[in-house]
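J.: Pasting in a structure now, in structure tokens, and then I'll have a few things to ask.
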Amino acid sequence: MIPAAMPSEFQAVTVDYLAIAPMLIVVGGALIGVIVEAFAPRERRHTVQVWLTTTTLLVALAVLAVWSRDHMAVTLGGSIAVDGVALFLQGTLLALSVLGVLVMAERFGGVGSDAFTPMGASTPGSTQESVATRAGYATSEVFPLTLFAVVGMMIFVSANDLITMFVGLEVLSLPLYIMTGLARRRRLLSQEAALKYFLLGAFSSAFFLFGAALLYGYSGSTDLKELSRAITTSTGDLDALLLPGVVLVLVGLLFKVGAVPFHSWTPDAYQGAPTPVTGFMAACTKLAAFGAILRLTYVGVGANRWDWQLGVVAVAILTMVVGAVLSVTQTDVKRLLAYSSVAHAGFILVGVLAFSQAAIGGVMFYLLAYGAMTIAAFAIVTMVRQDGSEASHLSQWAGLGRRHPVVAGSFAFLLLAFAGIPLTSGFTAKFAAFAPAVESGTTGVVMVVVGVLASAVTAFVYVRLIVLMYFTEPVEGVVALTPSIPSTVAITVGLAVTLIAGVAPTWVLQLAGNASQFLL
Amino acid sequence: MTSLPLLTLMIVVPVVGAVVVAALPAASARLARPVALGVSLVTLALAVLAWVGFDSGSTELFQLTETYAWIPQFGVSYALGVDGIALALIVMAAILTPVCLLAAWNDVPEAESGRLKRYFALMLVLEAFMVGVFAATDVFLFYVFFEAMLIPVYFLIGMYGGPRRQYAAMKFLLFSLAGGLIMLVSVIAVYFAGPGGENGFLVENLIGNVEGSTGALRWMFVGFFIAFAVKAPMWPVHTWLPDAATEARPATAVLLVGVLDKVGTYGMIRFCLQLFPEASQWATPVVLTLAVISVVYGALLAIGQTDMMRLIAFTSISHFGFIVLGIFALTSVGGAGSTLYMVNHGFSTAGLFLIAGFLVTRHGSKRIPDYGGWQRVTPVLAGTFLVAGLSSLALPGLSSFVSEFLVLQGTFMRYKVAAVIAAFGIVLAALYILLMYQKVMTGPKPVFADGAAPADLSLRERWVVAPIILSFVVLGFYPKPVLDVINPAVDKTMQIVGVSDPAATASGSAK
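One line per chain: the protein sequences are A and B, in this order. To convert, note that position 274 of the first sequence is 274 in our numbering; the numbers rise steadily by one, no gaps. To convert, note that position 414 of the second sequence is 414 in our numbering; the numbers rise steadily by one, no gaps.
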């Protein structure tokens with residue numbers, strides 16, 4: 001198609017401010033956070049930032065729930081679609097981010113956040129670093145960075161235009177690259193993870209951008225709706241651009257969810273990043289990226305899905321199998337959870353590929369359930385210590401159930417949820433994602449069969465960890481620190497969501513089901 | 001009929017009991033045992049009420065029903081109800097639980113108060129799930145109970161079992177979970193093949209309404225069947241059972257083999273036969289072959305065992321072969337025999353495991369060669385062990401005989417070869433039971449190193465054994481009350497499958 005003629009005069013876009021108010025509030029909060037960083041006295045900065053960040057997120061959530069809900073609109077010249085799916089995902093994102101921030105705020109009695117280095121720019125092990133520690137420095141800038149990442153995610157799930165989607169992708173990724181490199185302990189590992197994540201992330205962004213360019217060449221627009229229209233009315237002239245474009249854009253997005261074969265950054269980044277950031281990343285980035293995948297595949301390029309669907313089916317199957325099998329050999333709890341998150345990405349993809357309204361609801365429910373349990377799980381990982389540093393090696397978790405029954409019990413419950421045992425949210429979520437896939441036909445059934453077999457493998461991994469915690473002799477010197485009130489709240493909420501969404505999921509399912517409609 | 005939600009109460013009471021037991025302060029942890037026993041007796045009383053309130057002449061598919069919407073988006077209801085088959089199994093579970101609690105009285109030393117409380121709490125949780133899994137009349141709810149009950153069993157084996165408990169617990173969990181997850185695919189598929197809607201998972205809505213291509217229905221059948229075959233357990237997916245039964249405490253082993261594994265055979269009747277009549281008939285030759293192999297294989301391996309608990313586990317594999325044989329013979333006699341067998345097998349296995357357990361606590365060894373001549377030391381123990389053994393080998397007059405005979409008769413009506421081969425299982429049963437008895441109990445009086453001969457059964461242990469032996473005799477001589485409850489349900493199943501018994505003549509007019 002030939003691009004439409006340039007408009008004769010400039011037309012200002014109309015903006016539905018109430019629809020995008022939550023995003024604006026978070027941007028505002030982030031900017032204030034930057035100013036606070038510059039002007040607030042050092043000893044008060046941590047407290048101020050934590051209050052500012054959580055308040056911003058909660059206000060945004062409240063505005064979203066009260067006002068934006070009734071202002072569903074495609075706004076900003078068609079580049080942002082605030083519809084049911086976007087609102088549900090944005091709301092979930094805000095709620096999960098609150099939990100994530102509460103975990104990041106954990107100080108364990110120190111000056112700044114316990115998980116973050118006092119000075120990101122210092123060479124690991126240098127005098128500069130120890131001086132910074134002694135001077136009571138703290139990288140409280142992670143809080144505004146988190147807010148920026150959340151804004152990017154919110155744009156990502158509501159972007160109705162490939163350019164906007166790319167902007168969202170970058171806005172969410174760049175802060176995360178920085179945050180990944182800020183771990184207080186094992187600094188080199190953290191920096192390595194950040195660099196790896198950055199390089200591979202930049203690479204995948206390039207894929208996305210190249211794909212978007214091809215799709216623009218094909219349809220003459222970056223608007224997803226226009227793209228969809230171009231596919232259905234195609235005359236066949238430029239069809240050679242379509243499939244490569246779709247594939248490249250999908251590669252960019254599948255990278256973010258950690259689907260195989262684009263998953264290689266996941267274990268390293270998850271292991272190296274400060275653990276609260278890992279939890280935030282695992283829950284929220286995955287949610288945002290799946291939001292974008294849903295919108296791209298359902299609104300944008302769904303019309304020619306028969307051309308590319310089989311490839312994504314293969315990716316989904318590979319993701320489940322590789323994620324499950326490789327999690328068996330892991331000896332580090334963070335890497336284990338990373339591979340499990342890869343497997344979960346595969347399960348969610350199975351739901352996405354069902355292409356029905358029920359599937360949208362199921363996937364959104366899955367993202368919420370998975371996010372809540374992941375943040376809580378990583379929060380617990382931060383608490384288990386040996387000689388002051390995180391005891392992330394599996395052997396250090398031996399016998400934790402004897403010493404710290406509550407901590408180990410909570411973690412075991414979350415592991416059962418990851419495994420998808422009934423009466424936890426993990427089971428309901430799996431059911432919600434798999435049922436539409438079974439309904440969709442033979443391909444769906446095949447994926448679900450692979451999915452349940454992969455679940456059995458991952459269940460082995462989780463149960464082995466439970467065995468380790470309960471049935472073996474405790475390791476000397478491993479303790480679970482007592483969390484402060486904020487992270488206790490975060491863990492409790494995560495556990496409660498996991499339980500409630502498993503036992504009485506009706507309300508959340510209803511919400512997700514009602515919201516599972518894209519605005520065209 | 002009573003207006004009390006009896007089935008829900010039978011789930012809630014043990015759960016509340018478990019919470020109370022687990023929450024007891026450490027100082028009064030000794031109370032865990034009497035409290036748990038009391039709770040299980042209350043549950044038993046409720047089961048008796050259910051039995052009394054059950055009308056075996058009713059034409060309803062399920063009685064004592066309770067249906068509430070649970071997750072309408074998925075078509076899931078919280079629906080409980082029983083037919084004769086489920087009721088018989090629930091009552092059996094309700095009787096065996098207090099018996100097992102009493103048998104497990106000294107399994108955990110009093111000093112370890114935390115472990116003691118958790119042990120009895122887990123047993124009660126398990127009882128609640130057992131009632132739930134048999135009473136669920138919603139496929140999804142059944143699946144939830146089916147999977148959820150793995151957790152207490154897993155901990156019961158893994159925390160309180162023998163030296164290789166972790167291996168056994170893990171093996172048990174993985175086998176069951178893998179089977180269950182395969183069933184999950186079928187569970188989802190059944191919903192879409194059925195009428196759907198907010199009550200789409202109710203068994204009564206699904207029976208006769210599961211539609212789809214023959215191939216699809218057969219795949220769904222296979223999904224259910226694999227899960228139940230693992231649970232039952234049938235050859236070749238039986239290998240977890242000997243490990244689990246040996247490593248678990250005897251009381252746990254009883255609940256596992258005697259009650260939980262019945263979920264497999266019960267599921268075959270409730271879901272495989274009733275939901276997929278055509279596929280069931282299609283699968284019959286294969287299933288019967290596997291069942292006959294299980295009968296003979298289990299018996300042969302039982303003969304070769306030197307570990308008492310393993311031996312009993314293998315006898316169970318053989319007996320489960322009989323049960324499956326009777327179910328898939330698709331005759332009302334076979335079906336009734338199998339259902340009765342499920343109940344009888346529960347009691348006779350309980351007898352064998354628990355009395356063998358008493359023996360092991362006295363001598364500290366599970367190995368048969370370590371024994372000999374014990375009937376001179378502990379005559380009551382030896383006598384009751386013999387009775388339990390004789391019941392297990394189906395001596396006429398004891399309960400298993402009735403059911404085994406019915407199974408073989410029902411099978412012979414349609415599948416003569418299978419019945420004849422399976423009948424050898426009875427001969428082999430005499431061998432493994434009597435050989436074990438001979439090696440353990442007969443012979444010269446054993447000499448004990450410290451000179452103190454072990455005591456015979458204590459009063460508590462006699463109370464454990466008494467109801468079991470009573471059941472052998474009552475059900476052996478007068479099985480009518482149970483059969484009266486079972487038969488209508490079995491007949492209904494046969495109607496749903498669409499088969500009628502072949503004519504009793506030898507002409508073989510019906511296939």
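Beta carbons are placed, not taken as given, at the ideal position from N, Cα and C, and that holds for glycine. Just so we're clear, the structure is a prediction, and the values are computed from it rather than from any experiment.
Name the DSSP beta bridge partners of D114 of chain A, please?
T.: D114 of chain A pairs with nothing; no bridge assigned.
J.: Please name the residues in the segment 158-179 of chain B whose beta-carbon is closer than 7 Å to at least one beta-carbon of chain D, in chain order.
T.: In the structure shown, chain D cannot be found, because the protein chains are A and B.
J.: Check this for me: beta carbons of F460 of chain A and V328 of chain A, under 9 Å apart or not?
T.: For F460 of chain A and V328 of chain A, yes; Cβs fall inside 9 Å.
J.: With H, G and I counted as helix, E and B as strand and the rest as coil, what does DSSP make of H393 of chain A?
T.: strand
J.: Count Cβ pairs between the segment 290-302 of chain B and the segment 317-324 of chain B that sit closer than 8 Å; are there 3 or more?
T.: yes
J.: Output the distance between the C-alpha atoms of L481 of chain A and I491 of chain A, rounded to the nearest integer angstrom.
T.: Computed Cα separation, rounded: 14 Å.
J.: So V448 of chain A and V313 of chain A are in contact, right, with Cβ under 8 Å, and what is the actual spacing, rounded?
T.: The distance from the Cβ of V448 of chain A to that of V313 of chain A is about 12 Å, inconsistent with a contact at the 8 Å cut-off.
J.: Does the beta-carbon of M1 of chain B have 16 or more other beta-carbons within 10 angstroms, so that it is buried, or is it exposed?
T.: The predicted position of M1 of chain B is uncertain, since its pLDDT is 45 and thus under 50; no value can be drawn from it.
J.: Under 8 Å Cβ to Cβ from N106 of chain B, same chain only, skipping five residues before and after it: list those, please.
T.: Counting only Cβ-Cβ distances below 8 Å, and skipping sequence neighbours, we find T361.
J.: Helix, strand or coil for G162 of chain B per DSSP?
T.: coil
J.: Looking at the structure shown, is D107 of chain B part of a helix, part of a strand, or coil, going by DSSP?
T.: coil
J.: Is T339 of chain B near I269 of chain B, with beta carbons less than 9 Å apart?
T.: yes
J.: From the DSSP output, in three-state form, read off Y371 of chain B for me.
T.: coil
J.: Run through DSSP, which three-state label would Y216 of chain A get?
T.: helix
J.: When Cβ atoms are compared, which residues of the segment 138-157 of chain A fall closer than 8 Å to chain B?
T.: none
J.: Unbroken alpha helix (DSSP H) runs of length 4 or more, entirely within the segment 344-428 of chain B: which are they?
T.: 379-392, 399-412
J.: Take A232 of chain B and list the residues in its own chain whose beta-carbon comes closer than 7 Å to its own, dropping the five residues that flank it on each side.
T.: In its chain, beyond the 5 residues on either side, D261, G264, T265, F320, V324 have a beta carbon closer than 7 Å to the beta carbon of A232 of chain B.
J.: For V16 of chain B, does the three-state DSSP call read helix, strand or coil?
T.: helix
J.: Three or more C-beta pairs under 8 Å: does that hold for the segment 292-306 of chain A against the segment 119-126 of chain A?
T.: Result no; under three Cβ-Cβ pairs closer than 8 Å.
J.: State buried or exposed for P436 of chain A, treating a residue as buried only when at least 16 other CB atoms are found within 10 Å of its CB.
T.: Per the 10 Å Cβ criterion, buried.
J.: Near T67 of chain B, which residues of its chain fall below 6 Å by C-beta distance, leaving aside the five closest residues on each side in sequence?
T.: Only S77, A79 meet the Cβ criterion.
J.: To the nearest angstrom, report how far apart V171 of chain A and T458 of chain A are at their CA atoms.
T.: Approximately 33 Å between the Cα atoms of the pair.
J.: Given this structure, state the Cα-to-Cα distance separating E198 of chain B from Q73 of chain B, to the nearest angstrom.
T.: 7 Å
J.: With a threshold of 9 Å between beta carbons, is A148 of chain B in contact with chain A?
T.: yes
J.: Rounded to whole angstroms, what is the Cα-Cα separation between M281 of chain A and L176 of chain A?
T.: 8 Å
J.: If you measure from the beta carbon of P72 of chain B to each beta carbon in chain A, is any gap under 9 Å?
T.: yes
J.: Can you tell me which of B:V39, B:T252, B:D83, B:G158 puts its alpha carbon nearest to the alpha carbon of G57 of chain B?
T.: B:D83
J.: With distances taken between CB atoms, is the gap from G223 of chain B to V185 of chain B smaller than 9 Å?
T.: yes
J.: Would you call the CB atoms of R367 of chain B and D243 of chain B closer than 9 Å?
T.: no
J.: Rounded to whole angstroms, what is the Cα-Cα separation between S113 of chain A and R45 of chain A?
T.: If you draw a straight line from the Cα of S113 of chain A to the Cα of R45 of chain A, it is about 11 Å long.
J.: Is Q396 of chain A near the ligand GTP - that is, is its Cβ less than 8 Å away from at least one heavy atom of it?
T.: Absence of the ligand GTP from the depicted structure is noted, as is the absence of any ligand whatsoever, leaving it without description.
J.: Using the rule of at least 16 other Cβ atoms within 10 Å of the residue's Cβ for burial, across every protein chain shown, is G346 of chain B buried or exposed?
T.: buried
J.: Residues of chain A with a CB under 9 Å from the CB of V144 of chain B: which are they?
T.: P422, L423, F427
J.: Which residues share a DSSP beta bridge with I566 of chain B?
T.: Residue coverage of chain B in this structure runs from 1 to 511, which leaves residue 566 of chain B outside it and unanswerable.
J.: Do G100 of chain A and A292 of chain A come within 9 Å of each other at the CB atom, strictly closer than that value?
T.: no
J.: From V445 of chain A to E192 of chain A, what does the alpha carbon distance come to, in whole angstroms?
T.: 40 Å
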